[in-house]
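First comes the structure, then the notes that go with it.
4 protein chains.
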Amino acid sequence: MSYAEQMLENHSETMQVDSAALVECIRACFDCAQACTACADACLSEENVQELVRCIRLDLDCADVCETTGRVLSRHAAPEPELIRAVLEACIQACDACGSECETHGRHGMERCQVCAHACRRCQEACNAMLGQLAA
Amino acid sequence: MSYAEQMLENHSETMQVDSAALVECIRACFDCAQACTACADACLSEENVQELVRCIRLDLDCADVCETTGRVLSRHAAPEPELIRAVLEACIQACDACGSECETHGRHGMERCQVCAHACRRCQEACNAMLGQLAA
Amino acid sequence: MSYAEQMLENHSETMQVDSAALVECIRACFDCAQACTACADACLSEENVQELVRCIRLDLDCADVCETTGRVLSRHAAPEPELIRAVLEACIQACDACGSECETHGRHGMERCQVCAHACRRCQEACNAMLGQLAA
Amino acid sequence: MSYAEQMLENHSETMQVDSAALVECIRACFDCAQACTACADACLSEENVQELVRCIRLDLDCADVCETTGRVLSRHAAPEPELIRAVLEACIQACDACGSECETHGRHGMERCQVCAHACRRCQEACNAMLGQLAA
């Protein structure tokens, strides 16, 4: 059982959302922040770094946005729905842009970009699922 | 002249926005992140901390969102308009929620919350101004 | 297999350290940052929040330091040993202080602080293990 | 008067250090985090980006470490001296490494790296001054 799940179980107040979806979204955000940070660093090691500049920039933006989203969702005791919705929407944009770019490089044989794309798509889906629950 | 302004002047590529508005928005984001971090800490020192719990939570959310917004805007060489817009909208939500809460405490004599409210409102306005330029 | 592990496997350059230890340290840092963020939020929900003020502050410091450490370690392609050592030492200090404080509350029946203490101790050990490898 | 200064003046508890030195250190950390973030982005726009890879990596590390240091120092109500010292030492390492690298590029005519080097050196000095006060 992850810390995120244990922390949620022992929290006296929480958001009116499915707790498995919330745990998955928090974990997907932190995992994506890490993958994007590592992807940017690995891209900087490539000989064709000049062709990866957009990928690096989107990695950096996505890492920051995911991290903030993971933090805001970790503070779920007394949620502000409008703020959470806006943060989730920004995260979906960041993951979509970064995921698309990484998929392109992944299709050209860069396996690490493929891993990062997967982290972005998982995070995007988790944020969309949360957004659906908040809208309901 | 601030570093933000000097960095912008020496940047070979940049966003098609008024550079003074961009510098102001970057600075307002970083300043607000600092003010909110300090406000949360100061609130934790108050005897009536229980009444300040919402203020502390909004301070923490606002600090994270402002910092990410300041970073995304500092990477302005090859902007992704949809991502920037979504990030600015999240920042406006965070600053509005935190600014309103801090204003309430400011009216009850907590001068430090008044300072933080000012930082939030300035940041909210700067983000709105940026959003207006991007929409144009 | 975690993203951190997959990212490391597909990285062309890397630190001269045991890769399992590096993956564990990166994951422990991000997990601890999340646990501390959630712990601070949960503490703010407690009736006796006034007695938890030191715990909240250490949670916030520890979350920030762990996150930065996890990011610096995720950029392992061309490591700067002195910088990494200093960052690991700061992380060990943060995890030790926060872990000790959370253990105290854990012993008094706060299960969530016990979970957070575990995350801190795991991160502290992982940072110590990394430090040992860098010194060798 | 900066927000940092106003926040400090209205804080009921604080560190036993010179408040002007504390304000300067907090501001220097946030300013350096911004300058390093912008420097990394500007370096990514350069034709000779391959020669700037070390600069970009140090910019990213320095931005994260400075931001965390600025946040830890902004929470000065109930300081943990050992933790603060370790964080300041990590920040000094990050600013020294990044400042040296940026100075090299600054001497070769990259004015923006010169600005960033200045932000790093100012932050390094401010952290050293704080460290001196804590040791006293």
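Chains as they are written, first to last, in our numbering: chain X, 1039 to 1174; chain G, 1039 to 1174; chain R, 1039 to 1174; chain W, 1039 to 1174. Yeah, the Cβ is synthetic: ideal placement off N, Cα and C, and Gly gets one too.
- Which one of R:R1123, R:I1094, R:L1060, R:C1161 has the shortest CA to CA distance from R:A1076? It is R:I1094.
- Item | Rounded separation between X:R1145 and G:S1057 - CA only | Roughly 38 Å between the two C-alpha positions.
- Task: May I ask you to report which of helix, strand or coil DSSP gives G:H1114?
- Result: Three-state result, G:H1114: coil.
- Message: Looking only at its chain, what residues have a beta carbon closer than 8 Å to the beta carbon of W:R1092, apart from the 5 residues adjacent to it on each side?
- Response: Answer for W:R1092: E1139, listed in chain order.
- Message: Is there a C-beta anywhere in chain R that falls below 9 Å from the one on W:C1091?
- Response: With the sequence shown as reference, residue 1091 of chain W is identified as Val, and Cys is not the correct amino acid for it. Yes, contact with chain R.
- Item | Same chain, Cβ closer than 7 Å to X:V1053, five either side skipped, listed in chain order | The question names Val, yet the displayed sequence has Met at residue 1053 of chain X. Contacts found: L1060, H1114, P1117.
- For chain R, find out if any of its Cβ atoms is closer than 9 Å to the Cβ of W:V1061; answer yes or no. For W:V1061, the answer is no, since every Cβ of chain R falls outside 9 Å of its Cβ.
- Just the chain X side, please: which residues come within less than 7 Å of R:Q1131 by C-beta, in chain order? Those do not exist, as R:Q1131 stays about 21 Å from chain X at its closest Cβ, beyond 7 Å.
- Query: Considering only the beta carbon of each residue, do R:A1066 and X:N1048 sit closer than 9 Å?
  - Reply: No.
- Item | X:T1106: contacting residues in chain G (beta-carbon distance under 7 Å) | Within 7 Å Cβ-Cβ: D1102, V1103, T1106.
- Query: Quick one: Cα of W:C1074 to Cα of R:E1085, how far?
  - Reply: Rounded to the nearest angstrom, the two C-alpha atoms are 42 Å apart.
- Message: 9 Å is my cut-off, CB to CB: does G:Q1072 come that close to chain R?
- Response: For G:Q1072, the answer is no, since every Cβ of chain R falls outside 9 Å of its Cβ.
- Item | Counted within 10 angstroms of its Cβ, other Cβ atoms place G:Q1088 as buried (16 or more) or exposed | Exposed.
- Could you say which of R:C1063, R:M1045, R:A1071 lies nearest to R:C1100 if we only look at CA atoms? Across the set R:C1063, R:M1045, R:A1071, the C-alpha of R:A1071 shows the shortest separation from the C-alpha of R:C1100.
- Does any residue of chain C bring its CB to less than 9 Å from the CB of X:S1083? The structure shown has no chain C; the protein chains it does contain are X, G, R and W.
- Query: Beta carbon of X:V1125, beta carbon of G:V1103: below 9 Å?
  - Reply: Yes; because the gap between Cβ atoms is below 9 Å, this pair is in contact.
- Message: Out of G:Q1171, G:C1151, G:A1164, G:S1083, which one is the CA nearest neighbour of G:D1097?
- Response: Comparing Cα-Cα distances from G:D1097 to each of G:Q1171, G:C1151, G:A1164, G:S1083, the minimum goes to G:C1151.
- Item | G:M1039: first and last residue of the uninterrupted alpha helix (DSSP H) it sits in | G:M1039 -> no alpha helix (DSSP H), and no H or E assigned at all.
- Message: Between G:A1058 and chain W, is the shortest Cβ-Cβ distance under 9 Å, so that the two count as touching?
- Response: No, G:A1058 does not count as interfacial toward chain W.
- Message: Between which two residues does the alpha helix (DSSP H) holding R:D1056 run?
- Response: For R:D1056, no alpha helix (DSSP H) encloses it, and the DSSP letter there is neither H nor E.
- Message: Just to check my reading of the structure: G:L1172 and G:R1123 have Cβ atoms closer than 8 Å, yes? What is that Cβ distance to the nearest angstrom?
- Response: Taking C-beta atoms under 8 Å as the contact rule, G:L1172 and G:R1123 qualify, at a distance of about 6 Å.
- Assigned secondary structure, X:T1148 (DSSP; H/G/I helix, E/B strand, else coil): According to the sequence displayed, residue 1148 of chain X carries Met and not Thr. In the structure shown, X:M1148 adopts coil according to DSSP, grouped into three states.
- Roughly how many whole angstroms lie between the Cα atoms of X:E1127 and X:C1165? Using only the alpha carbons, I get a separation of about 8 Å.
- Message: If we define contact as Cβ-Cβ less than 9 Å, is R:V1153 a contact residue for chain X?
- Response: Residue contact with chain X for R:V1153: present (Cβ-Cβ distance below 9 Å to some residue of chain X).
- Item | Best match in X:S1040, X:L1046, X:Y1041, X:E1062 for proximity to X:C1161 [C-alpha to C-alpha] | Each of X:S1040, X:L1046, X:Y1041, X:E1062 was checked against the Cα of X:C1161, and the nearest Cα belongs to X:E1062.
- Which of the three DSSP states, helix, strand or coil, is assigned to G:H1049? G:H1049 carries a coil assignment under DSSP once its states are collapsed to helix, strand and coil.
- Task: Answer with yes or no whether the minimum CB distance from W:E1118 to chain G is below 9 Å.
- Result: For W:E1118, the closest Cβ of chain G is not nearer than 9 Å.
- At a Cβ threshold of 9 Å, is R:R1113 touching chain X? Chain X contact via Cβ: present.
- Query: If you measure from the beta carbon of X:V1087 to each beta carbon in chain W, is any gap under 9 Å?
  - Reply: Answer yes: the Cβ-Cβ gap between X:V1087 and chain W drops below 9 Å somewhere.
- Which ranges would you report for the alpha helix (DSSP H) in the region 1087-1135 of chain G if only whole runs of at least 4 residues count? The DSSP assignment places 1091-1112 as complete runs of the alpha helix (DSSP H) inside the region 1087-1135 of chain G, in order along the chain (cut-off: 4 residues).
- Taking C-alpha atoms, which residue in G:I1130, G:L1082, G:L1111, G:L1090 lies nearest to G:H1143? Scanning G:I1130, G:L1082, G:L1111, G:L1090 for the CA closest to the CA of G:H1143 turns up G:L1090.
- Query: Quick one, are the C-beta atoms of W:L1082 and W:I1130 less than 9 Å apart?
  - Reply: No.
- Helix, strand or coil for G:E1062, going by three-state DSSP, please let me know. In the three-state DSSP reduction, G:E1062 falls in the helix class (H, G or I).
- Query: Helix, strand or coil for W:E1084 per DSSP?
  - Reply: In this structure, W:E1084 counts as coil in the three-state DSSP scheme.
- Query: In whole angstroms, what is the alpha-carbon distance linking X:I1064 and X:E1105?
  - Reply: Near 9 Å, if we compare the C-alpha coordinates of X:E1105 and X:I1064.
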